[in-house]
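Asks: Residue numbers (the working numbering): -18 to 170. Cβ atoms here follow ideal geometry from the backbone N, Cα and C, with glycine treated the same way. Source: prediction; values computed, not measured. Can you read through this structure? Questions will come right after.
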Amino acid sequence: MSLHKPTRILTESAACVTLAAVLSLFTLFRMPLGGSVTPFATLPVILIGMRHGAKWGIGGALAFSLTQVLFGMSDVMAIPVMNLGYLALCILLDYVLAFTLLGLAGAIAQRSKNRSAGITAGVLITGSGRLLCSFLSGIVVWGPFTPDGWHVAYYSLAYNAAWCLPDTLITLIALLMLSRVPALDVFRG
-18 MSLHKPTRIL TESAACVTLA AVLSLFTLFR MPLGGSVTPF ATLPVILIGM
32 RHGAKWGIGG ALAFSLTQVL FGMSDVMAIP VMNLGYLALC ILLDYVLAFT
82 LLGLAGAIAQ RSKNRSAGIT AGVLITGSGR LLCSFLSGIV VWGPFTPDGW
132 HVAYYSLAYN AAWCLPDTLI TLIALLMLSR VPALDVFRG
C-alpha cells in the first residue's frame, strides 16, 4: 500500500462522516424521546466500510457516533433518573454501539458473491443490531417513560422499530440504487 492510499482513505472517510453528520440534521420525522428517520444519514458511513473494509468502516462509524452523541445531548438529558450509570448506558447503547455497528455492513456484504444480496444482508444485519441496541436502552434507560398499560419490552420494541426500520430501509434502497450505476462505482475503494 502506497503512502498516499491511507491518506486518501482517511480524507474520504472524514468527508463521509461530515456528510453523514450534516444529513443527520435533516429529519423526515423525529420521535419525542429521540430516534429519527433521516434522508440517508447513515449511507455515507456504511459506504466507508463497503469501499474500504471493516477497519475503516468501524473507525468512520465510531467517529459518526461521537457526532451523534453531541447532536443528541438534549435527548440524553431527558433521562428520568439521571446518574452517571444511566448516562453512560445511554451514550453507549443509543449512540456508540448502535452507530459503530454500521461500520460492519461492508464486511458482511463482502461475504456474498451477489452484490445486491450482500448489500441487503449488510444493511439489514447492522440495522437490526442498531435496533437491538436501542431496544435494550429503551428497557434499561428509558423504561420509566413506558406508557401505562404497556410492557416495557413491547413498548421499547414498538417505539424503536417505528424510526429505526424506516431509516434502515431508506439507506438500503439508496445503496441498492447506487450499486446499479456503474459510472459511480461507489463500492470500489
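Distance check for ALA86 and THR107, CA to CA, integer angstroms please.
Replies: Spanning the two alpha carbons is a distance of roughly 6 Å.
Asks: Report the rounded CA-to-CA distance for TYR135 versus ALA59, giving the unit in angstroms.
Replies: C-alpha separation (whole angstroms): 21 Å.
Asks: Please report the Cβ distance between LEU105 and LEU153, rounded to the nearest whole angstrom; I am assuming they are in contact, meaning their Cβ atoms lie under 8 Å.
Replies: Contact holds; Cβ gap of about 7 Å.
Asks: Tell me the DSSP secondary structure of ARG161 in three-state form.
Replies: Of the three classes helix, strand and coil, the one that applies to ARG161 here is coil, per DSSP.
Asks: VAL18 and ILE151: beta carbons closer than 9 Å?
Replies: Their beta carbons are under 9 Å apart, which means VAL18 touches ILE151 by this criterion.
Asks: In terms of residue numbering, what span does the alpha helix (DSSP H) encompassing GLN49 cover?
Replies: Here the alpha helix (DSSP H) through GLN49 covers 35 to 52.
Asks: Can you pull the DSSP bridge partners for ARG217?
Replies: A query on residue 217 cannot be resolved here, the shown segment of the chain reaching from -18 to 170 and no further.
Asks: Report back the beta-carbon spacing between THR23 and ASP148 to the nearest angstrom; my notes put them in contact at under 8 Å.
Replies: 7 Å between Cβ atoms; contact.
Asks: What's the C-alpha gap between MET158 and SER109?
Replies: Distance between the alpha carbons of MET158 and SER109 is about 21 Å.
Asks: Could you check what DSSP says for LEU6 in three-state terms: helix, strand or coil?
Replies: If DSSP states are grouped into helix, strand and coil, LEU6 belongs with coil.
Asks: Pull up the distance between the alpha-carbon of THR(-1) and that of ILE100, whole angstroms please.
Replies: About 22 Å.
Asks: Return the chain-ordered list of same chain residues with a C-beta closer than 7 Å to the C-beta of THR81, the five sequence neighbours on each side being excluded.
Replies: Closer than 7 Å at Cβ, skipping near neighbours: ILE39, ALA42, LEU43 and SER46.
Asks: For SER(-6), count the other beta carbons within 10 Å of its own beta carbon; 16 or more makes it buried, fewer makes it exposed. Which is it?
Replies: Classification of SER(-6): buried, given that the 10 Å Cβ count is 16 or more.
Asks: My parser needs the alpha helix (DSSP H) runs of 4 or more residues fully inside the segment 47 to 106; what are they?
Replies: Listed in chain order, the complete alpha helix (DSSP H) runs (minimum 4 residues) inside the segment 47 to 106 are 54 to 57, 65 to 71 and 86 to 90.
Asks: Taking the CB atoms as reference points, tell me whether SER97 and SER118 lie closer together than 9 Å.
Replies: Taking 9 Å as the Cβ cut-off, SER97 and SER118 do not qualify as a contacting pair.
Asks: Near ILE27, which residues of its chain fall below 6 Å by C-beta distance, leaving aside the five closest residues on each side in sequence?
Replies: Contacts found: LEU83 and ALA86.
Asks: Kindly indicate which three-state DSSP category PRO128 falls into: helix, strand or coil?
Replies: The answer is coil: DSSP assigns PRO128 none of H, G, I, E or B.
Asks: Classify TRP37 as buried or exposed, calling it buried when 16 or more other Cβ atoms lie within 10 Å of its own Cβ.
Replies: With 16 or more Cβ atoms within 10 Å of its Cβ, TRP37 is classed as buried.
Asks: Using DSSP with H/G/I as helix, E/B as strand and the rest coil, what is ASP166?
Replies: Three-state DSSP puts ASP166 in coil, outside helix and strand.
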